[in-house]
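Numbering (my numbering), first residue to last: 247 to 385.
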């Protein structure tokens, strides 16, 4: 399993390793760090969990920062609504995964930005937000 993420999503990697770490004997596990790549190996399970710290992953196709990625669209867009930009990025990601990931041996999970809690809190909340006017509400 490979996590390619920033510092916030690193916590998911740490949580996954912690769950396994307690169950696997010391002689059947190891942890190695190579620059930005951390690898936890569970030898008895023939499994690895890796974390590639990549907060600023970029590609040579990138243009000026305000213009975005030229492979996403053929038209130049000065400004775009958040929902439209998110939809475009998800479409592009789905297309890339479809062309580059073998579904017979791999699974891809989307991890989005961390939610903000500036206008309330999530403590003890167990039900989805049904208010369609709420930015995170179910539509």
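We treat Cβ as the ideally placed atom computed from N, Cα and C, and that holds for glycine.
Model, not experiment: these values are computed from the prediction.
Can you give me the Cβ contacts of residue i inside the same chain, cut-off strictly under 6 Å, excluding the 5 residues immediately before and after it?
i           : result
residue 250 : 298, 300
residue 270 : 288
residue 277 : 286
residue 275 : 288
residue 349 : none
Skipping 5 residues on each side, what residues in its chain have a beta carbon closer than 8 Å to that of residue i?
i           : result
residue 347 : 354
residue 267 : 275, 286
residue 326 : 334
residue 265 : none
residue 282 : 298, 299, 300
Round the Cβ separation of residue i and residue j to the nearest angstrom and send it over; I've been treating them as touching at under 8 Å.
i           : j           : result
residue 295 : residue 339 : Wrong, their Cβ atoms sit about 22 Å apart, outside the cutoff.
residue 255 : residue 343 : With 8 Å as the limit, residue 255 and residue 343 do not qualify as a contact, their Cβ atoms being about 17 Å apart.
Open item on the list: For the stretch 284 to 292 against the stretch 326 to 346, do three or more pairs of beta-carbon atoms, one drawn from each stretch, fall closer than 8 Å, so that the two count as touching?
Closed with: Pairwise C-beta distances place the stretch 284 to 292 out of contact with the stretch 326 to 346, as fewer than three of them are shorter than 8 Å.
Open item on the list: To test your reading of the DSSP string, which unbroken beta strand (DSSP E) runs of 3 or more residues are found completely within the stretch 272 to 304?
Closed with: DSSP runs (the beta strand (DSSP E)) wholly in the stretch 272 to 304: 275 to 280, 283 to 288, 293 to 299.
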